[in-house]
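**Student:** Here you go, one structure.
Numbering (my numbering), first residue to last: 673 to 1075.
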């Protein structure tokens, strides 16, 4: 027997409140079946409704009417499914959009079942979701099932009972509207999400910010991964755009920043092999920030001045900064510069103490102008030497005496 508790469609303003529907278990049975045969369905309110043990608890189909199920409100809806049953099923190109979906689902016992299924090019667009499912019996089944050609988009949260997902369609989330000059869009491919057990819309997705009327314009995070390559999308018009990516790399804690330009409506394909070398702009990790390009400062740049405690054999660690100051309280008999980087500049500021006449033995790797340099001997006087490292030696580029 394929009985259906409530079968409605082609209606505007339907109200279904305070209902308990149970035990509709035929092969084609449903608890609440929305079906457009001649027209469309809009502005339905389903509130405080419980559906228990139905082959398909909530079902959406199109059999001759339009595919529009718009501006629906599902509030405090509770679904309990058993073995082989589906909590929410959307079929036949059904399109639910602009709606609020507040549904709690319990997959009873250790049975198998499906939480949310979109089939046959169904599209759920621009909805707000609060779909929370639990699987307290530990049985198998599917959390979100998106067939090829389907789309699930919107804001909110979907927690699919800890079940694996089957996603061959498109999972897309729209971030809050930012005003007349900016919209947001988030796109992710099925491949990345397919292995997720609990899918929270927006958690695993890549956001993009852009301009109104051409939302992929500007700099944002608008790439997606197609299984082989990263794609940055054109906006379908004359706007140029760029993509910024900030993410982990190589299993380390480093973050890398890339930019990938897109021109007009053209998509740009960036293979994994060339992403680093061609488009890497910056790397940030525990060692610091590394930039691929130049730095432009609107005001000034500062660098740490490293105070070095006097030693007769000091080691100036170039990894600690670019400037070093040491007051000589005795003679320096030998010195070194450690951890140099090719192209790095350092300045050594060396000062006499109140006694003066201290001498300095320069690092053997430092090439001084004229071959040598004797410090000013006066008490409390300072001298400075600046040098650049070429990968092998330090070469003096400037000096100042008797400061």
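All residues carry an ideal CB built from backbone N, CA and C; glycine is no exception. Quick caveat: nothing in here was measured; it's all calculated off a predicted structure.
Quick one: is residue 696 buried, meaning 16 or more other Cβ sit within 10 Å of its Cβ, or exposed?
**Tutor:** Buried.
**Student:** Which residues mark the beginning and the end of the beta strand (DSSP E) in which residue 791 is found?
**Tutor:** Element bounds for residue 791: n/a, residue is neither H nor E.
**Student:** So, is residue 867 buried or exposed, given that buried needs 16 or more other C-beta atoms within 10 angstroms?
**Tutor:** Its pLDDT being 30, under 50, residue 867 is placed unreliably in this model, and the value from its coordinates should be taken loosely. Exposed: under 16 other Cβ atoms inside 10 Å.
**Student:** Based on the DSSP output, what are the partners of residue 778 in its beta bridges?
**Tutor:** In the DSSP output, where bridge partners are listed per residue, residue 778 has 752, 806.
**Student:** With distances taken Cα to Cα, identify the nearest neighbour of residue 827 among 727, 838, 988, 797.
**Tutor:** The shortest Cα separation from residue 827 among 727, 838, 988, 797 belongs to 797.
**Student:** Tell me, to the nearest whole angstrom, how far the beta carbon of residue 731 is from that of residue 705; I am working on the premise that it is less than 8 Å.
**Tutor:** About 5 Å separates the two Cβ atoms, so the contact holds.
**Student:** Taking only the alpha-carbon atoms, compute the straight-line gap between residue 804 and residue 978 and give it to the nearest angstrom.
**Tutor:** Whole-angstrom Cα-Cα distance: 56 Å.
**Student:** Would you decide whether residue 692 is buried or exposed? Buried here means 16 or more other CB atoms lie within 10 Å of its CB.
**Tutor:** With fewer than 16 other Cβ atoms within 10 Å, it is exposed.
**Student:** Using the beta-carbon count (16 or more within 10 Å), is residue 684 buried or exposed?
**Tutor:** Exposed, because fewer than 16 other Cβ atoms sit within 10 Å of the Cβ of residue 684.
**Student:** If you compare alpha carbons, which of 1053, 737, 1033, 997 is closest to residue 1024?
**Tutor:** When each option's Cα is compared against that of residue 1024, the closest is 1053.
**Student:** Since residue 761 is in the beta strand (DSSP E), which residue starts that stretch and which ends it?
**Tutor:** Run containing residue 761: 757-762, per the beta strand (DSSP E) assignment.
**Student:** Quick one: is residue 791 buried, meaning 16 or more other Cβ sit within 10 Å of its Cβ, or exposed?
**Tutor:** When all chains shown are included, residue 791 counts as buried.
**Student:** Taking residue 994 as the reference, give the member of 1061, 964, 1028 with the closest Cα.
**Tutor:** When each option's Cα is compared against that of residue 994, the closest is 1061.
**Student:** Please classify residue 1013 as buried or exposed, where buried requires at least 16 other C-beta atoms within 10 Å of its C-beta.
**Tutor:** It is exposed - the Cβ of residue 1013 has fewer than 16 other Cβ atoms within 10 Å.
**Student:** If I'm right that residue 1000 touches residue 1030 with Cβ under 8 Å, what's the distance once you round it to whole angstroms?
**Tutor:** Right, the Cβ-Cβ distance comes to about 4 Å (below 8 Å), so this counts as a contact.
**Student:** Per DSSP, what are the beta-bridge partners of residue 1039 in this structure?
**Tutor:** Note: residue 1039 sits in a beta bridge opposite 1067.
**Student:** Reducing DSSP to helix, strand and coil, say where residue 1032 ends up.
**Tutor:** Note: residue 1032 maps to coil in three-state DSSP.
**Student:** Per DSSP, what are the beta-bridge partners of residue 767 in this structure?
**Tutor:** Paired residues: 740, 795.
**Student:** Would you call residue 734 buried or exposed, if buried means 16 or more other Cβ atoms sit within 10 Å of its Cβ?
**Tutor:** It counts as buried.
**Student:** Within the same chain, show all residues whose beta-carbon is closer than 7 Å to that of residue 1040, passing over the 5 residues directly before and after it, in chain order.
**Tutor:** 1034, 1068.
**Student:** Could you tell me which residues DSSP puts in a beta bridge with residue 732?
**Tutor:** BP columns for residue 732 point to 706, 762.
**Student:** I'd like the list of long-range same chain contacts for residue 1020, defined as Cβ closer than 7 Å, with 5 residues on each side in sequence excluded.
**Tutor:** Excluding positions up to five away in sequence, the list reads 988, 996, 1056, 1057.
**Student:** Identify whether residue 617 lies in helix, strand or coil by the three-state DSSP scheme.
**Tutor:** Only positions 673 to 1075 of the chain appear in the structure, and residue 617 is not among them; the question remains open.
**Student:** Just how far apart, CA to CA, sit residue 675 and residue 717?
**Tutor:** If I take the Cα positions, the gap works out to 23 Å.
**Student:** Which residues bound the beta strand (DSSP E) around residue 697?
**Tutor:** Segment: none, residue 697 is in no beta strand (DSSP E) and carries neither H nor E.
**Student:** With DSSP as the reference, please indicate the residues paired to residue 839 in a beta bridge.
**Tutor:** Partner(s): 818.
**Student:** Is it true that the CB of residue 702 sits closer than 7 Å to the CB of residue 724?
**Tutor:** No, the pair does not count as a contact, with Cβ atoms beyond the cut-off.
**Student:** DSSP three-state call for residue 679: helix, strand or coil?
**Tutor:** Reduced to three states, the DSSP call for residue 679 is strand.
**Student:** Can you give the beta carbon distance from residue 1018 to residue 1059, rounded, assuming they're within the 8 Å contact cut?
**Tutor:** Going by Cβ atoms, the distance from residue 1018 to residue 1059 rounds to 6 Å, so yes, they are a contact pair.
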